[in-house]
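Scroll down for the structure; my scribbles are underneath it.
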Amino acid sequence: MRIRSHRPALHSPCTTLAPFVADHEALGRLRPAFVRALAREFDLGALAGRLCPVLLEGSYAALFALADYVHGDQADELERLMRKRGYRLAAPARYVLPSPLLLAVAREAAGAPGLHAADHPAQRRTALQALFFDMVRWGVRHGASDLHLHADRRAATAQVRYTVGGAYVAAPCFNGLSHACLLEILAVAWMDVRAGNGAVFDPRAEQQGRIALQVDEVPVVLRWASLATDHGPSVCLRILRQDPPQGGASLAELGYLPAQVATLERACQRAGGAVVLAGTVGAGKSTTIATMLRGLPAERKLVTLEDPAEYAIANALQNSVSRSLDGEAGAPFDAKLLTIKRSAMHDLYLGEVRDRQTGRVFTDLAGSGVSLYTTTHAGSALLIPERLASDFIGVSRDFLATPGVLKLLVYQTLLPRLCPACALPLAVLWRRGAGWSHAQRLAWRCWAARLRRACAAPAWRWRRRACAIPPVARPARAPVCRPCAATRGAPWSPNCSNRKPTPSCSISSAGATIRRCAACWGGAHAGSRPTRRCGQSIAPGARSKQARWIRAWSNAVSRCHPPCARRRAPRTAMAEHAALASAWRAAGALGQRLDAWRFGAERGDYYEYLADMLEGLQGRQTLRDIFETDAARHGEASVRGRLARRWLHRYQDCGGDLRATWARCLPEGDCTLLALAQAAGGGALGIVLRDLAHLTRLTQGMRREFCVTIAAGLVAMTVACALLAAVPAFSAPRLRLVFQAVPPDYHGAWSAGLFALARYVEAAWSAAVAALTAAVALVCWSLPRYAGRARVFLDRWQPWRLYRDMQAIRFLALATVLLRQRGNIDTRLRTALLVQGADAPPWLAWHLERMLLRVDAGVVDASVFDTGLFEPAHAWFMADMVAAHGLADGLARARTRVEAHMLPRLRRQAQGLRWALLLGAVGAVLALALWHYAAIDDLRHALVSFYASQ
């Protein structure tokens, strides 16, 4: 079993050794056995991912923690809470786990027996962010230039590797990370990306961007580059430290010889031309050129075009150009170039020349007369012009041969060297130890062993910079200064007072000069590369409102109480924090449901807004930025502001999962469709949002027509019932009172019928109301729920026919959206039917079930939809279109026809039904009024006849 003891920290008052559980296998062998995590019962807040209470076999409880947190006040308080809730602590009660394994246990994803999938979203967000921060911090502390995250499905676990000193090494502390956990970490990390080409992390598409962090009080920029491989995404994060020691205070400190520094400074002082710095990947090109640009005088205006900006250059106007990776990225550079030419700058830095777009920018700027600085990837100094003139970049060879275009070419690489602290030449050892005795030699060996332990640096850590600068700045036939040529014949220098050179060579001769000078390119220098190590660590703080309140309260307690009270403050704070968080969640549940119901009318416009934002921003902002802007703009006083605030927190909680973000706020079918689009990538999310906007508006319009029709029927029925109730309650008694002198034998037919109706209504009023209410309720219930053979007959009559047509239009529109091919999404018919059945009413679910049975039976044509959902004419048209154009295109054409013909007819039917109900109610009022008038006239004649007979 790979369980070993872990010694407590020096500041810990506890002296008990905590066993170390190294991996999943050791966790499975733990005795008493691990059962499940108890993180849901303790609201840990910012401590999630660092401390995790667990339940062991035999109803024992223990505490899993990171090495830095296993002994401390937080662990003591958590043990006290566990005992307070009735848990028996195991012996030992604390275990040390590596960060990936602890995160898997806290999220119930370790795969051990007895695990269940549930945990608190806020804890998961904090743990994912903390683990990503720990990965970056490990790379910064060990001097790594790159962080590699691979979610290779062929391997059992995900891979976390670093590039340290040119070597591709693994960090043992991050072994055992699951693929699902790494994908969630990447999704959460992408929320902080700026100048990226996507609003969400897309594992099926190439993405790029940058992240700014503060690690151990050192500003760090991570340059994101994700590769969508066949077996999962692979993300490479270039770690760029922004502190001056890493960026290089001067070229001499980077290891350049004085002559080389003078050549570089002379090239920077000369106006016009391009300085091209080349090298392999990770050779330090960006560091060198950033140091060079920092050395430019302050009276010169410097502008940069980078993709994205890497190092902070204080004297530069830095521009990050966000480009897509699909080859359609000319527009951002075009807008920048049109503006830059009128910005009166002296120097311009083009981040890297790597494709035709940047090659076109290089040609434009290098020929415009400004001083241009750029980098490129090349294998040697000889290959820099060939690289620029290659078909992939496309810079013209004649243009490169023009005098003054290529001002200076530099090739740089990093070479391994021995450790300067402990490595001595063999001759020195031989000379010093020639006369040593045996005891002195033994002492030398002991001293060497101690020195190796004191150094403790791997062999690949020490590297030195080497560069080659070909003399392109001194062509064979260089322009000559007129005054100097008459006196000493010296070539023209940028430091000469007379800056009017005489051109003396043509384009062809300059090209020959460049080719002849290639033979004398050479020279190398090796210098040391400074490194910096910092042991200070910072922990990310809590972000919830409750945690901020508790932190402020704890600070107040620490200022007002003696040291003994300060040590006990976190215990009371944690208990009150748990109670406050529980009350907060209970109070917000009802408000969230009410806000979601009120937001339903704005869903179509919101979908259209998100689609326009994703299409227009092209990844310059993420969905988290859109949520944050909405929350700040609308505020807590509006429904959209409150929902945006909840979505902002939930989007980070759920690792960027849109389905979990919008759950219980949007319909289940919409969430499922958006989840499919997010998983598909390739820009499918924006297209699906636009389709959903059209579908939502269509559905809401039909629902509005249907609800207005039903409401009109209910109003008409209410009016009729009120009039009938008024006959025995008001009109009949009043008539009897007025004409009480008239015997019933004198009543005419109209008056006798009215009094008979009053007696009948009065006798059967309760039963009639109950029967009418039951009939209305039965009709309303049967519309979305009743299915069967009798329903097929009812669908021919109103209002069942109206409901059927409305559901048919919605079904066809949603099926078209699901089956449309966009990017990497390719939804099959069965999947589309299952998605529609997620929130379908029972009547529509019955039709979908019959369609699924036909799909399972091997039916692949339009006869799948022949279940009585569509009218025969529309079903026949859809069958013909599917046979002629295929399933997706055929359904799209049928949808167009249905929306063009059936939707107006549906509106006309609804309007006709409403008018019929309205006219029926008006007719009933008029008929009853005329009946009363006839009855009154009849009673007047009866009264006259009665008094005449007396």
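Residue 2 is where the sequence shown starts when you use the working numbering, and the numbers rise one by one after that.
Using N, Cα and C, we set each Cβ at its ideal position, and we do this for glycine too.
- Query: If you draw a straight line from the alpha carbon of Tyr-652 to that of Ala-771, how long is it in whole angstroms?
  - Reply: 49 Å
- Query: How many Å lie between Ala-680 and Leu-102 at the Cα?
  - Reply: 26 Å
- Query: Within the chosen definition, does the region 909-919 reach the region 724-741 through at least 3 CB pairs nearer than 8 Å?
  - Reply: no
- Would Arg-32 be called buried (16 or more neighbouring beta carbons within 10 Å of its own) or exposed? exposed
- Apart from the five residues on each side of it in sequence, which residues of its chain come closer than 8 Å, Cβ to Cβ, to Tyr-608? Leu-690, Arg-691, Leu-693, Ala-694, Thr-697
- Take Asp-606 and list the residues in its own chain whose beta-carbon comes closer than 8 Å to its own, dropping the five residues that flank it on each side. Ala-694
- Message: Measuring straight from C-alpha to C-alpha, what distance separates Thr-230 and Glu-254?
- Response: 40 Å
- Can you name, in chain order, every residue of its own chain whose Cβ lies under 7 Å from the Cβ of Arg-89, other than the five neighbours on each side? Ser-60, Tyr-61, Ala-62
- Hey, would you say Val-640 sits closer than 8 Å to Arg-704, going by beta carbons? no
- Query: Among Val-22, Cys-53, Ala-49, which has the Cα closest to the Cα of Arg-37?
  - Reply: Cys-53
- Task: Assuming Gln-413 contacts Ala-268 (C-beta within less than 8 Å), just tell me the rounded distance between them.
- Result: Wrong, their Cβ atoms sit about 15 Å apart, outside the cutoff.
- Message: I believe His-347 touches Arg-301 by the beta-carbon criterion, under 8 Å. Please report the beta-carbon distance rounded to the nearest angstrom.
- Response: 4 Å
- Item | Bridge partner(s) assigned by DSSP for Gly-360 | Note: Gly-360 sits in no beta bridge, so no partner.
- Query: Taking the Cβ atom as the reference point for each residue, do Val-221 and Gln-243 lie within a distance shorter than 8 Å?
  - Reply: yes
- Query: For the beta strand (DSSP E) that Ser-227 lies in, which residues bound it at each end?
  - Reply: 219-230
- Message: Can you look up Ala-597 in the DSSP assignment and give me helix, strand or coil?
- Response: helix
- Task: Taking Leu-304 as the reference, give the member of Leu-48, Thr-340, Thr-288 with the closest Cα.
- Result: Correcting the residue type first, residue 304 is Val in the shown sequence and not Leu. Minimum Cα distance to Val-304 is reached at Thr-340.
- Inter-residue spacing [alpha-carbon to alpha-carbon] between Leu-178 and Thr-158: 6 Å
- Residues in its own chain within less than 6 Å of Gly-642 by CB, not counting five upstream and five downstream? Ala-632, His-635, Gly-636
- Message: Could you tell me the alpha carbon to alpha carbon distance between Thr-288 and Ala-145, rounded to whole angstroms?
- Response: 14 Å
- Message: Does Leu-927 pass the burial test, meaning 16 or more other C-beta atoms within 10 Å, or should it be called exposed?
- Response: exposed
- Task: Starting from Asn-320, follow its DSSP beta bridges and name the residues at the other end.
- Result: Leu-306
- Query: Since Asp-796 is in the alpha helix (DSSP H), which residue starts that stretch and which ends it?
  - Reply: Neither: Asp-796 is in no alpha helix (DSSP H) and is coded neither H nor E.
- Message: Taking the straight line between their C-alpha atoms, what separation do you get for Ala-123 and Leu-148?
- Response: With a pLDDT of 42 at Ala-123, under the threshold of 50, the modelled position of this residue cannot be trusted, and the question is left open.
- For my contact list, Ala-91 and Leu-57 are in at a C-beta cut-off of 8 Å; report their separation, rounded to the angstrom. 5 Å
- Cutoff 6 Å; reference Gln-160; Cβ partners in own chain excluding five residues on either side: His-151
- Three-state secondary structure (DSSP) of Arg-1: This structure gives no information on residue 1, because the portion of the chain shown stretches from 2 to 951.
- Task: Evaluate the contact criterion for the region 378-398 versus the region 256-270: three or more CB pairs, one atom per stretch, below 8 Å.
- Result: no
- For Arg-239, is the classification buried or exposed, using 16 other Cβ atoms within 10 angstroms of its Cβ as the cut-off for buried? buried
- Phe-65 at chain B interface by Cβ criterion, 8 Å: Given the protein chain composition of this structure (a single chain), no chain B is represented.
- Task: Within 10 angstroms of the Cβ of Gly-617, are there 16 or more other Cβ atoms? Answer buried if so, exposed if not.
- Result: exposed
- Task: Can you give me the Cβ contacts of Asp-671 inside the same chain, cut-off strictly under 7 Å, excluding the 5 residues immediately before and after it?
- Result: Leu-693
- Is it right to say Gly-360 is buried, meaning 16 or more other beta carbons lie within 10 angstroms of its own, or is it exposed? buried
- Query: Do you know offhand how far Ile-627's Cα is from Ile-186's?
  - Reply: 20 Å
- Message: Suppose the cutoff is 7 Å on Cβ atoms and the five residues either side in sequence are ignored; what does the same chain contact list for Leu-184 look like?
- Response: Ala-152, Pro-204
- Message: Please report the straight-line C-alpha distance between Ala-768 and Val-762, rounded to a whole angstrom.
- Response: 10 Å
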